[in-house]
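Student:
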Amino acid sequence: MTTQIPAVIDEATKNQFDTICTNIGIHPSNAVGDLMKFFVTSNGLPVQHTIPTIGDSAGIGQKMSRKEVFGFMRGHFEMADDFDAPMEEFKEYM
Numbered sequence: 001m002t003t004q005i006p007a008v009i010d011e012a013t014k015n016q017f018d019t020i021c022t023n024i025g026i027h028p029s030n031a032v033g034d035l036m037k038f039f040v041t042s043n044g045l046p047v048q049h050t051i052p053t054i055g056d057s058a059g060i061g062q063k064m065s066r067k068e069v070f071g072f073m074r075g076h077f078e079m080a081d082d083f084d085a086p087m088e089e090f091k092e093y094m
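The sequence shown begins at 1 in the working numbering and counts up one residue at a time.
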């Protein structure tokens, strides 16, 4: 059994999506269906989802919350001075 899902997307993105699907030989509805199946099997978004920031076209005019500000956890963690030094276990390979 199949079902239809309405989606709202800007026309330019839809046209680009259609063009890419045509170029790779897949129907757009099959591409969306495959993405949804992959989403389900990976138990989440199968790609890195980024939060728009000030300066991004999607983020212009948005206020950023504390969790979205780069470096807000600075000072909460310490890194060992020898963090990037060769590990003893791998010295024979160096």
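Using N, Cα and C, we set each Cβ at its ideal position, and we do this for glycine too.
Fair warning: this is a prediction, and the values are worked out from it, not measured in the lab.
#1: Under the three-state reduction of DSSP, which class applies to Asn15: helix, strand or coil?
#2: Quick check: what's the CA-CA separation for Arg92 versus Ala80?
#3: Would Pro6 pass as a contact of Asp18 if the rule is Cβ separation under 8 Å?
#4: Just the C-alpha distance for Thr13 and Phe90, rounded to the nearest angstrom, thanks.
Tutor: Result, derived from the coordinates:
#1: By 1-based counting over the sequence shown, the position of residue 15 is 15. Three-state result, Asn15: helix.
#2: As a first step, residue 92 must be located in the sequence shown, where it is residue number 92. As a first step, residue 80 must be located in the sequence shown, where it is residue number 80. The residue you asked about is not Arg; residue 92 is Glu in the sequence shown. Between Glu92 and Ala80, the C-alpha separation is close to 23 Å.
#3: Start at 1 with the first residue of the sequence shown, and residue 6 comes out as number 6. Start at 1 with the first residue of the sequence shown, and residue 18 comes out as number 18. Not a contact, by the Cβ cut-off of 8 Å.
#4: On the sequence shown, position 13 is the one that residue 13 refers to. On the sequence shown, position 90 is the one that residue 90 refers to. Roughly 48 Å between the two C-alpha positions.
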